[in-house]
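Following: one structure in structure tokens, then a few remarks.
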Amino acid sequence: MSDMLARRRLKDNLVDQLEDAQRRVGQLERAVSTPDDDGRLTLPGLLLVVLAETPAPPPAGQVLLYVVDEGGAMYLRAMDYEGTVKTLDSWV
Numbered sequence: 241m242s243d244m245l246a247r248r249r250l251k252d253n254l255v256d257q258l259e260d261a262q263r264r265v266g267q268l269e270r271a272v273s274t275p276d277d278d279g280r281l282t283l284p285g286l287l288l289v290v291l292a293e294t295p296a297p298p299p300a301g302q303v304l305l306y307v308v309d310e311g312g313a314m315y316l317r318a319m320d321y322e323g324t325v326k327t328l329d330s331w332v
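Mind the numbering: the sequence shown is residues 241 to 332 in the numbering used here, read in order.
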């Protein structure tokens with residue numbers, strides 16, 4: 241019985257984390273969908289520039305968050321200092 245309860249709690253926790261991440265990405269998506277005349281997208285404390293290609297990796301100990309335009313589709317991505325890239329979300 242306790243194994244079933246533990247699995248249920250884990251599942252609920254993972255679902256909550258996924259929903260929270262989707263909510264935050266949705267907020268970011270709405271905020272970054274209107275670039276200024278220079279192609280920059282801004283939030284208080286955050287500036288995202290839409291890039292035509294993937295940038296170079298950031299310095300050690302940092303994670304780069306960027307948006308790249310590939311064939312008219314926008315991709316929100318994160319890259320670590322080793323060059324490992326994860327796509328967080330995409331939209332047209």
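We treat Cβ as the ideally placed atom computed from N, Cα and C, and that holds for glycine.
When secondary structure is reduced to three states using DSSP, Asp320 falls in the strand class.
Beta-bridge annotation (DSSP): Ala313 is paired with Glu310. Ranked by Cα distance from Tyr321, the options Ala313, Val255, Pro295 and Leu268 are led by Pro295. By the neighbour-count criterion, in which 16 or more other beta carbons inside 10 Å mark a residue as buried, Val308 falls on the buried side. By the 16-neighbour rule on beta-carbons within 10 angstroms, Leu316 is buried. Residues Tyr315 and Arg317 of the same chain have their beta carbon placed closer than 6 Å to that of Thr327, with the five preceding and five following residues left out of the count.
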